[in-house]
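Novice: Below is a structure I'd like to ask you about.
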Amino acid sequence: MSELSSTSRTTLTRLPERGSADRGELLEVLRGALVAHVGIDVGDHPVVLPVAYAVDPDGPDADGTLYLHGSVAAGWLRRTPGATVCVTVTSLDGLVLARSAFHHSMNYRCAVVIGQARLVEDPEERGRALDLIVDHVVPGRSRELRANTRKELAATAVVAVPLREASLKARAGGVNDDRPDIEAGVWAGVMPLRTVAAPIETDPEATGPIPEHVQRRAADFV
Numbered sequence: 094m095s096e097l098s099s100t101s102r103t104t105l106t107r108l109p110e111r112g113s114a115d116r117g118e119l120l121e122v123l124r125g126a127l128v129a130h131v132g133i134d135v136g137d138h139p140v141v142l143p144v145a146y147a148v149d150p151d152g153p154d155a156d157g158t159l160y161l162h163g164s165v166a167a168g169w170l171r172r173t174p175g176a177t178v179c180v181t182v183t184s185l186d187g188l189v190l191a192r193s194a195f196h197h198s199m200n201y202r203c204a205v206v207i208g209q210a211r212l213v214e215d216p217e218e219r220g221r222a223l224d225l226i227v228d229h230v231v232p233g234r235s236r237e238l239r240a241n242t243r244k245e246l247a248a249t250a251v252v253a254v255p256l257r258e259a260s261l262k263a264r265a266g267g268v269n270d271d272r273p274d275i276e277a278g279v280w281a282g283v284m285p286l287r288t289v290a291a292p293i294e295t296d297p298e299a300t301g302p303i304p305e306h307v308q309r310r311a312a313d314f315v
């Protein structure tokens with residue numbers, strides 16, 4: 094597994110000590126989050142939109158593949174094939190409440206992937222990518238579902254971005270106040286944050302118990 098790239102587009106210029114070249118850590122962040130934001134120039138203005146995604150370290154692109162899910166009717170997606178996109182995935186871990194506004198911060202892990210996007214047209218790769226996207230949300234879910242219909246496939250697009258050019262930045266720990274502010278006696282601390290699942294709500298027309306794979310996924314957010 095190669096280290097993360099250090100191109101001019103992915104080199105950290107502010108607080109580079111918070112960066113990591115460990116590709117395994119990048120994959121961990123990508124696997125742990127649920128929503129990616131993709132940025133693209135659509136002509137007269139840029140857009141940044143949330144999308145469902147999945148990561149395949151063994152995908153056909155350089156250093157693996159990041160798959161993005163979208164509707165063929167989406168204007169941004171029609172501009173994507175062949176264009177350079179920026180995909181950002183962030184996990185927020187805490188609010189850092191310092192003794193001054195300047196030193197307030199957040200604890201986070203943020204992955205940024207930059208690359209030329211391609212439309213996934215091969216039926217086998219497309220089917221695998223769609224299963225990966227479903228299983229990224231709830232692992233094991235794709236095996237329980239019926240096959241996609243032709244109409245559904247015609248309305249759905251999958252875009253692939255190489256994982257070759259990427260960066261990872263994170264902050265962890267407590268406040269970083271100046272000594273005079275500490276001596277002033279103002280309270281400071283960290284408010285940890287995490288995603289928690291509420292009780293599962295079964296559809297009124299569903300039959301049978303809640304599947305084990307759904308219960309396991311809910312347990313990830315306890």
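Sequential numbering of the sequence shown, starting at 94, is according to my numbering.
For glycine and all other residues, C-beta sits at the position ideal for the given N, C-alpha and C.
Per DSSP, residue 183 is paired with what?
Specialist: Counting from 1 along the sequence shown, the entry for residue 183 is found at position 90. Answer by DSSP bridge pairing, in chain order: 203.
Novice: For residue 262, is the classification buried or exposed, using 16 other Cβ atoms within 10 angstroms of its Cβ as the cut-off for buried?
Specialist: Taking the first residue of the sequence shown as 1, we reach residue 262 at position 169. So residue 262 ends up on the buried side.
Novice: Give the DSSP-derived three-state secondary structure of residue 143 in the structure shown.
Specialist: Counting from one through the sequence shown, the residue named residue 143 turns up at place 50. Strand, per DSSP.
Novice: Kindly identify the DSSP beta-bridge partner or partners of residue 285.
Specialist: Residue numbering aside, residue 285 sits at position 192 when the sequence shown is read from its first letter. In DSSP, residue 285 forms a bridge with 187.
Novice: What does residue 264 pair with, by DSSP beta-bridge criteria?
Specialist: In the sequence shown, the residue the question calls residue 264 occupies position 171. Looking at the DSSP assignment, residue 264 forms a beta bridge with 201.
Novice: Start and end of the beta strand (DSSP E) containing residue 134?
Specialist: Along the sequence shown, one-based indexing puts residue 134 at 41. Note, residue 134: beta strand (DSSP E), 129-134.
Novice: List the endpoints of the continuous alpha helix (DSSP H) containing residue 196.
Specialist: If you number the sequence shown from 1, residue 196 lands on position 103. Segment: none, residue 196 is in no alpha helix (DSSP H) and carries neither H nor E.
Novice: Only counting the same chain, and skipping five residues up and downstream in sequence, which positions put a Cβ closer than 8 Å to that of residue 247?
Specialist: Locating residue 247 in the sequence shown gives position 154, counting from the first residue. Excluding sequence neighbours, residue 247 sits near 165.
Novice: Near residue 309, what residues of its chain come up, given a Cβ to Cβ distance below 8 Å and the 5 sequence neighbours on each side ignored?
Specialist: Within the sequence shown, numbered from 1, the residue matching residue 309 stands at position 216. So the list reads 232 and 233, once near-sequence residues are dropped.
Novice: For residue 293, collect the residues of the same chain with a Cβ closer than 7 Å to its Cβ; drop the 5 residues on either side in sequence, then sort them by chain order.
Specialist: Locating residue 293 in the sequence shown gives position 200, counting from the first residue. If we look at residue 293 and ignore the five residues flanking it on each side, its Cβ neighbours are 303, 307 and 311.
Novice: Three or more beta-carbon pairs under 8 Å between the segment 161-175 and the segment 107-127, yes or no?
Specialist: At 8 Å Cβ cutoff, the stretches do not touch.
Novice: Quick one: what does DSSP say residue 309 is sitting in, helix, strand or coil?
Specialist: For the purposes of this step, residue 309 is taken as the residue at position 216 of the sequence shown. Three-state result, residue 309: helix.
Novice: Where residue 242 and residue 109 are concerned, what is the direct C-alpha to C-alpha distance, given to the nearest angstrom?
Specialist: Here residue 242 refers to the residue found at position 149 of the sequence shown. Here residue 109 refers to the residue found at position 16 of the sequence shown. Those two C-alpha atoms are separated by around 47 Å.
Novice: For residue 168, which three-state DSSP category applies?
Specialist: Along the sequence shown, read from residue 1 onward, the residue named residue 168 stands at position 75. Residue 168 falls in the helix class under three-state DSSP.
Novice: Whole angstroms are fine: how far does the CA of residue 297 sit from the CA of residue 111?
Specialist: Locating residue 111 in the sequence shown gives position 18, counting from the first residue. Locating residue 297 in the sequence shown gives position 204, counting from the first residue. Approximately 48 Å between the Cα atoms of the pair.
Novice: Just reading off the alpha helix (DSSP H) that residue 299 is part of, what are its end residues?
Specialist: By 1-based counting over the sequence shown, the position of residue 299 is 206. Unbroken run through residue 299: none, as it is neither H nor E.
Novice: Checking 9 Å against the spacing of the C-beta atoms, do residue 183 and residue 204 come in under that value?
Specialist: Here the question's residue 183 lines up with position 90 in the sequence shown. Here the question's residue 204 lines up with position 111 in the sequence shown. Their beta carbons are under 9 Å apart, which means residue 183 touches residue 204 by this criterion.
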